[in-house]
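So the sequence shown is numbered by the working numbering: it starts at 26 and just counts up by one. Notes follow the structure.
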Amino acid sequence: MTANNIIIFFIICVLIYLIGGLSSLFTFSIPKLSNRLSNTCAMIASGFLSILMTYKLLILKDTPLEFKYSNNIPFLTISFKIDNLAAFFILVIAIISFIVSLFSYTYMSHYFFKRNISIFGLLYNLFIISMILLVSSSNLLLFLVFWEIMSLVSYFLVNYESEKKEVQRASRIYIIMTYAGTAFITAAFGLMAYFTKSFSFDFSNIANTSIPSNYANLIFIFLLIGFGTKAGIIPMHIWLPYAHPVAPSNISALMSGVMIKMSVYGLLRVILDLLPDNPMWWGVITLIVGSASAIFGIAYSVASTINIKRLLAYSSIENMGLIFCGIGMFLISRAADNSFLLVMALTATLLHTLNHAVFKSLLFMGAGAIQYSAHTKDMEKLGGLIKKMPIASIFIFIGCLTISAVPPFNGFISEFIIFQTIINSIVWFANNSSIIILFMIVAAALSLTGALVAFCFVKMFGISFLGMPRTSNAENVKEPEKPMLVALGISSCLCLALGIFSKYTISIIDNISYEFLNLKLLSTDWSLTKFVHYPIGENKLDISVGLLSILIFVLSSIVILIVYSLRKRTSVERYNTWDCGFTKITPKMQYSATGFSKSIRIILRGIFKPNRDLVITEGHGPYYIKKGIYTMSTEKVFEKYFYVPIIKFIINFSRNYRFKIQTGSIHTYLLYFFSILVLMLLYYSFMA
26 MTANNIIIFF
36 IICVLIYLIG
46 GLSSLFTFSI
56 PKLSNRLSNT
66 CAMIASGFLS
76 ILMTYKLLIL
86 KDTPLEFKYS
96 NNIPFLTISF
106 KIDNLAAFFI
116 LVIAIISFIV
126 SLFSYTYMSH
136 YFFKRNISIF
146 GLLYNLFIIS
156 MILLVSSSNL
166 LLFLVFWEIM
176 SLVSYFLVNY
186 ESEKKEVQRA
196 SRIYIIMTYA
206 GTAFITAAFG
216 LMAYFTKSFS
226 FDFSNIANTS
236 IPSNYANLIF
246 IFLLIGFGTK
256 AGIIPMHIWL
266 PYAHPVAPSN
276 ISALMSGVMI
286 KMSVYGLLRV
296 ILDLLPDNPM
306 WWGVITLIVG
316 SASAIFGIAY
326 SVASTINIKR
336 LLAYSSIENM
346 GLIFCGIGMF
356 LISRAADNSF
366 LLVMALTATL
376 LHTLNHAVFK
386 SLLFMGAGAI
396 QYSAHTKDME
406 KLGGLIKKMP
416 IASIFIFIGC
426 LTISAVPPFN
436 GFISEFIIFQ
446 TIINSIVWFA
456 NNSSIIILFM
466 IVAAALSLTG
476 ALVAFCFVKM
486 FGISFLGMPR
496 TSNAENVKEP
506 EKPMLVALGI
516 SSCLCLALGI
526 FSKYTISIID
536 NISYEFLNLK
546 LLSTDWSLTK
556 FVHYPIGENK
566 LDISVGLLSI
576 LIFVLSSIVI
586 LIVYSLRKRT
596 SVERYNTWDC
606 GFTKITPKMQ
616 YSATGFSKSI
626 RIILRGIFKP
636 NRDLVITEGH
646 GPYYIKKGIY
656 TMSTEKVFEK
666 YFYVPIIKFI
676 INFSRNYRFK
686 IQTGSIHTYL
696 LYFFSILVLM
706 LLYYSFMA
């Protein structure tokens with residue numbers, strides 16, 4: 026198959042997505058058919074696209090796929106280019122879109138005759154198309170166009186249940202933060218385009234342009250803020266815990282699994298392709314922001330929410346923080362001209378991008394399956410689901426193990442390489458005491474993050490799936506329908522396969538590293554005995570993380586089987602201990618999600634500032650309590666101390682200067698236009 030054939034098939038896949046969206050729109054009167062058509066087309070296109078991109082990464086790894094449509098207006102040239110980096114991200118989009126589309130077959134049925142399914146089907150396919158074409162774009166203007174389409178379409182999808190006040194608020198916060206981030210990205214792209222001294226926005230022209238260091242620094246800061254906003258990096262994260270819980274769960278899976286990774290692609294595209302040199306402080310800032318996001322994100326996930334989807338949203342902040350730690354280490358290694366740490370950091374970044382997409386989409390789909398069956402996202406209204414949903418429980422449990430970095434699942438492999446990069450950096454930078462201190466602090470922060478992640482998902486799974494049902498909804502749940510279970514099963518298998526066969530994934534990433542850095546992490550030895558080996562450490566000691574994971578898994582299974590068989594042979598007599606007249610355990614006597622995480626809130630009360638309120642309703646007298654209501658909330662620190670002052674300043678400024686600027690006089694407004702025109706002419710005359 027030639028490059029031209031791949032391009033033709035790629036265009037066909039995009040058209041299939043479009044056909045799926047339009048066919049959904051034209052069958053609006055039959056919701057079930059509309060849903061089936063949109064998801065079937067999305068599955069066909071995504072499956073075919075996955076095969077094409079895998080072929081590109083393995084067979085045509087040295088041949089970029091290019092398509093350009095020129096016209097008489099240079100800055101409106103439509104050009105696409107799929108190199109190995111773009112192909113990798115398109116592969117991630119296609120895999121997750123395929124699984125989520127399968128999940129949507131039955132998940133969307135609870136919206137039938139309640140919401141407009143045809144509009145949803147159109148927006149769903151447009152959302153996938155916009156991300157694919159964004160990654161394929163080879164000029165700044167086209168990138169921004171598809172970035173805007175992606176943002177707008179995702180806004181409408183988040184706002185799907187628009188009659189609910191919490192949905193309106195969440196979508197409003199999301200679109201405001203999106204446009205704030207886009208403004209910084211546009212400013213950065215404008216500065217890059219300016220130095221080309223032409224109307225061409227092509228990446229190739231910018232890559233060959235020398236940008237002064239002061240402007241390059243400003244461009245990087247703008248891009249870190251702009252892409253960091255979409256990624257949900259602290260302190261630009263506030264939209265994520267609002268938007269994900271209110272969006273349909275299939276959209277949450279796509280947004281968290283894929284959409285926020287578009288910011289990673291954008292940042293990597295710039296630092297790999299357009300800004301090939303950087304000072305060390307770029308990496309230091311990115312590393313600090315990433316590690317802060319990781320620990321704050323998971324701390325809020327543990328201590329401040331009982332909503333499963335909000336818990337997963339905060340967890341996405343943590344994982345994006347880990348990815349940005351990888352980007353930070355890449356920038357530090359490039360500034361220090363350390364090739365081994367450079368390729369290790371890039372591998373860790375891309376590997377965790379893929380792995381997080383798989384296990385986070387699994388968990389969001391799992392949350393959707395719970396909501397579909399139990400009609401709630403509140404952990405404190407669940408309990409005992411493992412008895413009613415045994416198959417779904419196993420798949421969600423695998424997702425919890427994976428995100429907790431338990432071997433042999435894929436979350437362990439990528440986080441292991443991130444840790445190895447930081448630990449090896451302490452050795453490589455032994456003569457630089459200040460940066461070693463930074464690496465040690467980051468390593469400690471990420472270690473604490475790992476412990477909190479395990480605590481968080483013990484809480485999520487234990488409170489929701491174990492124990493007794495707390496409500497009638499939890500007691501009457503049923504196993505999700507087959508398409509939902511198959512989608513969860515595919516994601517679970519991918520979590521295991523990407524962990525055990527990690528060498529094959531890393532070898533694909535090596536093609537990206539070689540294209541941009543002329544470096545590879547893996548040796549070219551593909552013998553079966555070393556299929557999961559890769560070199561780690563200063564001396565490139567050959568350690569097999571995959572085989573180590575398999576060994577741990579096998580030994581654990583053997584121990585469990587031995588213990589179980591010994592217990593069966595031993596006769597055990599059970600007696601009731603003296604219980605002070607206690608008669609029956611009730612669901613209210615179980616640990617709640619709030620109670621389970623109280624120890625963490627106490628330890629971190631300086632950050633969370635928890636508020637407690639107890640309202641007691643008296644019965645016949647002051648000593649006879651009829652009802653007690655205990656409520657707990659944590660303070661939204663970043664909103665209160667960062668965003669609220671900014672909003673107040675903008676409002677006060679607008680009120681004070683509204684009548685001075687908006688006079689209502691047409692002469693004054695014409696003067697404004699004329700003054701700006703004169704200033705622009707003067708600026709360009711001096712810059713020429």
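Backbone N, C-alpha and C fix where the C-beta goes; we use that ideal spot for every residue, glycine too. Predicted model, so just to flag it, every value in this text is computed and none were measured.
Given this structure, state the Cα-to-Cα distance separating residue i from residue j, to the nearest angstrom.
| i | j | result |
| --- | --- | --- |
| residue 398 | residue 505 | 7 Å |
| residue 577 | residue 531 | 22 Å |
| residue 54 | residue 276 | 23 Å |
| residue 688 | residue 91 | 53 Å |
| residue 64 | residue 52 | 13 Å |
| residue 680 | residue 381 | 45 Å |
| residue 132 | residue 182 | 15 Å |
| residue 43 | residue 37 | 10 Å |
| residue 458 | residue 465 | 11 Å |
| residue 695 | residue 676 | 26 Å |
| residue 638 | residue 477 | 26 Å |
| residue 297 | residue 47 | 37 Å |
| residue 253 | residue 160 | 17 Å |
| residue 561 | residue 175 | Only weak support exists for where residue 561 lies, its pLDDT of 46 falling under 50; the value from the coordinates is given anyway. One C-alpha to the other measures close to 38 Å. |
| residue 118 | residue 420 | 21 Å |
| residue 552 | residue 525 | Unreliable positioning characterises residue 552 in this predicted model, as indicated by a pLDDT of 35, which lies under 50. The coordinate reading is nonetheless provided below. Approximately 15 Å between the Cα atoms of the pair. |
| residue 199 | residue 67 | 26 Å |
| residue 70 | residue 234 | 37 Å |
| residue 667 | residue 208 | 19 Å |
| residue 507 | residue 683 | 59 Å |
| residue 470 | residue 58 | 50 Å |
| residue 26 | residue 89 | 14 Å |
| residue 423 | residue 334 | 17 Å |
| residue 30 | residue 582 | 48 Å |
| residue 739 | residue 345 | The displayed coordinates of the chain run from 26 to 713. Any statement about residue 739 would go beyond what the structure contains. |
| residue 299 | residue 75 | 27 Å |
| residue 179 | residue 286 | 14 Å |
| residue 602 | residue 609 | 14 Å |
| residue 115 | residue 388 | 21 Å |
| residue 517 | residue 383 | 8 Å |
What does residue i pair with, by DSSP beta-bridge criteria?
| i | result |
| --- | --- |
| residue 104 | 93 |
| residue 657 | 637 |
| residue 332 | 403 |
| residue 162 | 105 |
Check the C-beta distance from residue i over to residue j and give it rounded, since I have them as a contact under 8 Å.
| i | j | result |
| --- | --- | --- |
| residue 218 | residue 151 | Going by Cβ atoms, the distance from residue 218 to residue 151 rounds to 27 Å, so no, they are not a contact pair. |
| residue 625 | residue 662 | That pair is no contact at about 15 Å. |
| residue 282 | residue 385 | 5 Å |
| residue 82 | residue 448 | Not quite, the Cβ-Cβ distance comes to about 29 Å (not below 8 Å), so this is no contact. |
| residue 318 | residue 400 | At roughly 33 Å, the Cβ-Cβ gap does not stay under 8 Å, so residue 318 and residue 400 are not in contact. |
| residue 575 | residue 433 | 6 Å |
| residue 342 | residue 322 | 3 Å |
| residue 105 | residue 77 | That belief does not hold up - the Cβ atoms of residue 105 and residue 77 are roughly 14 Å apart, past 8 Å. |
| residue 128 | residue 390 | 5 Å |
| residue 394 | residue 509 | 5 Å |
Taking the alpha carbon of residue i as the point to measure from, which residue in the options has its own alpha carbon closest?
| i | options | result |
| --- | --- | --- |
| residue 501 | 413, 357, 312 | 413 |
| residue 539 | 221, 365, 291, 309 | 365 |
| residue 213 | 250, 194, 202, 287 | 250 |
| residue 486 | 533, 415, 142, 537 | 415 |
| residue 623 | 650, 656, 293 | 656 |
| residue 292 | 378, 547, 628 | 378 |
| residue 61 | 112, 85, 147, 360 | 147 |
| residue 123 | 512, 629, 588 | 512 |
| residue 491 | 517, 467, 451, 612 | 612 |
How about residue i: is its Cβ closer than 7 Å to a heavy atom in the ligand ZN?
| i | result |
| --- | --- |
| residue 582 | Among the ligands in the structure shown, none appear at all, so the ligand ZN cannot be discussed. |
Point to revise | Cβ pair count under 8 Å reaching 3, the region 493-501 against the region 396-413 | key: Touching, per the Cβ criterion.
Practice item. Indicate whether the contact test is met: 3 or more Cβ pairs, each with one atom in the region 441-455 and one in the region 361-373, closer than 8 Å. Key: Three or more Cβ pairs drawn from the region 441-455 and the region 361-373 lie within less than 8 Å of each other, which places the two stretches in contact.
Review point. Touch check for the region 324-342 and the region 253-261: three-plus C-beta pairs under 8 Å?
Key: The region 324-342, when compared against the region 253-261, does touch it at the 8 Å Cβ threshold.
Point to revise | Sufficient close CB pairs (3 or more, under 8 Å) joining the region 518-528 to the region 132-144 | key: Taking a contact to require three or more Cβ pairs closer than 8 Å, the region 518-528 and the region 132-144 do not qualify as touching.
Point to revise | Three-pair Cβ contact test at 8 Å for the region 317-333 versus the region 234-248 | key: Taking a cut-off of 8 Å for Cβ pairs, the region 317-333 and the region 234-248 do not touch, as fewer than three such pairs fall below it.
Point to revise | the region 261-280 touching the region 295-314, judged by at least three CB pairs closer than 8 Å | key: Fewer than three beta-carbon pairs drawn from the region 261-280 and the region 295-314 are found closer than 8 Å, and the two stretches are therefore not classed as touching.
Check your understanding: Does the pairing of the region 695-706 with the region 351-358 give three or more beta-carbon distances under 8 Å?
Key -> The region 695-706 vs the region 351-358: no contact.
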